[in-house]
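Participant: If you use the working numbering, the sequence shown corresponds to residues 2 to 379, in order. No residue lacks a Cβ here, since even glycine has one placed at the ideal position from N, Cα and C. Everything numeric in this text was worked out from a predicted model, so none of it was measured. Dropping a structure here in C-alpha cells format, bear with me for questions.
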Amino acid sequence: MQHYISNNTLIGILWNKASAAFWQPAFWLPSGLRWEDLVDTENLHYPKIHDVCVYPLIMGVLLLLAKNFIIIPFLLEPLAQLAGISNKRPRPPAPCRVMEEVFRRHGHNPPKEQLMEASDVSGMSTRQAERWLRRRRVASQTTTYEKFIECGFNLICHTTLTVLGMVVMFSKPWTWDISVTWTDYPHHHVDDDMWWYYMCGLSYFWASTFLQVHSPGRSTFDKVQMMLHHLFTVLLMVFSWACNFIRSGSLVLLVHEVSDVPLLSAKMLTYAGINGPTDAIFVVFILSWAVTRCYLYPFWIMKEVLIQTGEGFQTPAFRLQYGLVCGLLVIDLVWTFLIGRVVVRKVTAGSLQDVRSEAEEVTTDVTDNEGKDKEKAE
C-alpha cells in the first residue's frame, strides 16, 4: 500500500507511521531479527503479506462467479435433475406486516398473548394466525434442492483442497517428520506449490464467509458457528503466512479438510434419496474426524509444533497465533459434541443428520407435509 501513497502527503506520513508501528520486528520476529534479514535471494523466497491480502479475495470472487455461472448450471443442476430433486419452493402465505413482525421476533411459535394480540390486529382468528406462521416457517426454510446444490459446491471445493493438499504435502519433510517444522526458522522457502495451496485455501474460506452473510433457511447459531470457523481459519492462515509459520499452518489446513469429504458425500446421497451407502460413508467420516481433528490436531500438531518450541519463538505474534489455534480447537470440540449427538440419534433413529446444522434436522418436504396435515385437521 505504501507504494501507492506519497510520503509527502499527510495521509502518506500517517500511513507510514502506522505501518512502522504495526510491523515492529519485536512483535513479529524472533529476538535479534529484523525485516532486513528476511530479503529474498535466488534460492530463498519469503512469504509476502501482500499476497494473502489481495489474491485470495480476488480468487474468492472468481470462485463465486464460477459457482453461479459454471458449477451450478452445468454440473450441479443436471445432477439434481438426474436425482429427481424438485426445485419447487412452498408457496408463502399472503403478506401481512403484523404477522411478519411476530414471525421475525418469535418464529412460528410465539407466546400466546403475542399471538392473540397479532390475530386481533390483523383480523385473523387464532387458528388462521397459527396457520400463517407455520406456512411462513416452511417457506423460509432451505429446500432439499438448495441443500443439494450448496452441499455439492462445498464437496467440490473440499475435495479439490484435500487432493491438492495431499499432493503438495507429500513431498514436504515436515509432513513425515514434524520435528523439522522449526528447523532454520524463519528462513523457510515458500515453494510455488505451497503458495498455490495457501491461496486456494484462503480463497475458498473467504468465499464461504461471503456466502454465510446471506444464507436463508439457516439458524443464527449455525451462521455464527460457520462464520467463526471460517474467520478463525482465515486469521490463522494469514498470521501463519505473515510470520512464516507456513509449515505448521499447512499441517493445520490439511487435517481440517480430510473429514469434510465423506461428510458432504453422505449428505448429497441422502438429499438424492440414495440411502444404501450412507452408513458406510458415515462411518468413514466418523473415523476420519476422530483421527484428524480429535487426535492429530491436538496431540500431534498442537503438542509438537506449538507447545514444544524454543524460547526464541515466544513472540507476541506467536502467542496470538497460539490463541487462534486454541480457538479453532474449541470449535472442533463443539462440533465433536454435535457429532456425538448425531451418532446417538443415528443409532436410535437410523437417519443421517447434518452434524454442523441444527436447522437441517427436518427437511423442507417433511415440514411442508406436516404443516398441510395440521391445516386439514383444523
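Quick one, which of A130, V191 and K68 has its alpha-carbon nearest S204's?
Facilitator: Looking at the Cα atoms, K68 is the closest of the given residues.
Participant: According to DSSP, is I14 helix, strand or coil?
Facilitator: In the structure shown, I14 sits in a helix (DSSP, three-state: H, G or I).
Participant: Taking the runs of the alpha helix (DSSP H) that are 4 residues or longer, which of them lie wholly in the region 225 to 283?
Facilitator: With a minimum length of 4 residues, the continuous alpha helix (DSSP H) runs that stay inside the region 225 to 283 are 247 to 256 and 261 to 272.
Participant: I need the boundaries of the alpha helix (DSSP H) containing G153, first residue and last residue.
Facilitator: Segment T145 to F171, the alpha helix (DSSP H) holding G153.
Participant: Answer with buried or exposed for G202, where buried requires no fewer than 16 other C-beta atoms within 10 angstroms of its C-beta.
Facilitator: So G202 ends up on the buried side.
Participant: With a threshold of 8 angstroms, are at least 3 pairs of Cβ atoms found where one atom belongs to the region 126 to 133 and the other to the region 243 to 262?
Facilitator: The region 126 to 133, when compared against the region 243 to 262, does not touch it at the 8 angstroms Cβ threshold.
Participant: Does K304 pass the burial test, meaning 16 or more other C-beta atoms within 10 Å, or should it be called exposed?
Facilitator: Result: exposed.
Participant: Go ahead and pull the three-state DSSP assignment for T182.
Facilitator: DSSP places T182 in coil when its eight states are reduced to three.
Participant: For the region 93 to 140, list the alpha helix (DSSP H) runs that are entirely contained and at least 4 residues long, ordered along the chain.
Facilitator: With a minimum length of 4 residues, the continuous alpha helix (DSSP H) runs that stay inside the region 93 to 140 are 98 to 107 and 113 to 123.
Participant: Excluding sequence positions up to five away, which residues of its chain have a Cβ less than 6 angstroms from the Cβ of L15?
Facilitator: Excluding residues within five positions, none has a Cβ falling inside 6 angstroms.
Participant: Figure out for me which residue from V40, D52 and R346 has the closest Cα to the Cα of D193.
Facilitator: Comparing Cα positions, the closest option is D52.
Participant: What residue ranges within the region 185 to 217 form continuous alpha helix (DSSP H) runs of no fewer than 4 residues, ordered along the chain?
Facilitator: Listed in chain order, they are 193 to 214.
Participant: Terminal residues of the continuous alpha helix (DSSP H) containing L83?
Facilitator: Taken as a continuous stretch (DSSP letters only), the alpha helix (DSSP H) holding L83 covers E78 to L83.
Participant: Counting pairs of Cβ atoms below 8 angstroms between the region 144 to 157 and the region 58 to 74, do you hit three or more?
Facilitator: Flag = yes, the region 144 to 157 and the region 58 to 74 touch.
Participant: If we count the other Cβ atoms within 10 Å of its Cβ and call it buried at 16 or more, is L162 buried or exposed?
Facilitator: Label assigned to L162: buried.
Participant: With V239 and T293 assumed to form a contact (beta carbons below 8 angstroms), what rounded beta-carbon distance in angstroms separates them?
Facilitator: Not really, about 22 angstroms apart at Cβ, beyond 8 angstroms.
Participant: Would you call L325 buried or exposed, if buried means 16 or more other Cβ atoms sit within 10 Å of its Cβ?
Facilitator: When all chains shown are included, L325 counts as buried.
Participant: I'd like to check one pair, L329 with A208: are the Cβ atoms closer than 9 angstroms?
Facilitator: No, the pair does not count as a contact, with Cβ atoms beyond the cut-off.
Participant: With a Cβ-Cβ cutoff of 9 angstroms, do H189 and F206 count as a contact?
Facilitator: The answer is no: Cβ separation not under 9 angstroms.
Participant: Measuring only the C-alpha atoms, how far is E382 from L265?
Facilitator: Since the first residue shown for the chain is 2 and the last is 379, residue 382 is missing from the structure and cannot be characterised.
Participant: Let's test the definition: count the other Cβ atoms within 10 Å of the Cβ of F104 and tell me whether it reaches 16, buried, or not, exposed.
Facilitator: Counting Cβ neighbours within 10 Å, F104 comes out buried, since at least 16 surround it.
Participant: By Cβ distance, which residues of its chain are closer than 6 angstroms to Y56, with the 5 residues on each side in sequence left out?
Facilitator: The answer, listed in chain order, is M200.
Participant: Measuring alpha carbon to alpha carbon, tell me which of W242, P317, S251 and I332 ends up nearest I302.
Facilitator: Closest by alpha carbon: S251.
Participant: When the Cα atoms are used, what is the spatial distance from T184 to L339?
Facilitator: For T184 and L339, the distance between alpha carbons rounds to 38 angstroms.
Participant: By DSSP, does R90 sit in helix, in strand, or in coil?
Facilitator: Three-state result, R90: coil.
Participant: Please report how far the alpha carbon of N276 lies from the alpha carbon of A140, in whole angstroms.
Facilitator: Spanning the two alpha carbons is a distance of roughly 26 angstroms.
Participant: Give me, in chain order, the residues of the same chain whose beta-carbon lies closer than 7 angstroms to that of P263; leave out the 5 immediate sequence neighbours on both sides.
Facilitator: Cβ within range, chain order: I282, V285, F286 and S289.
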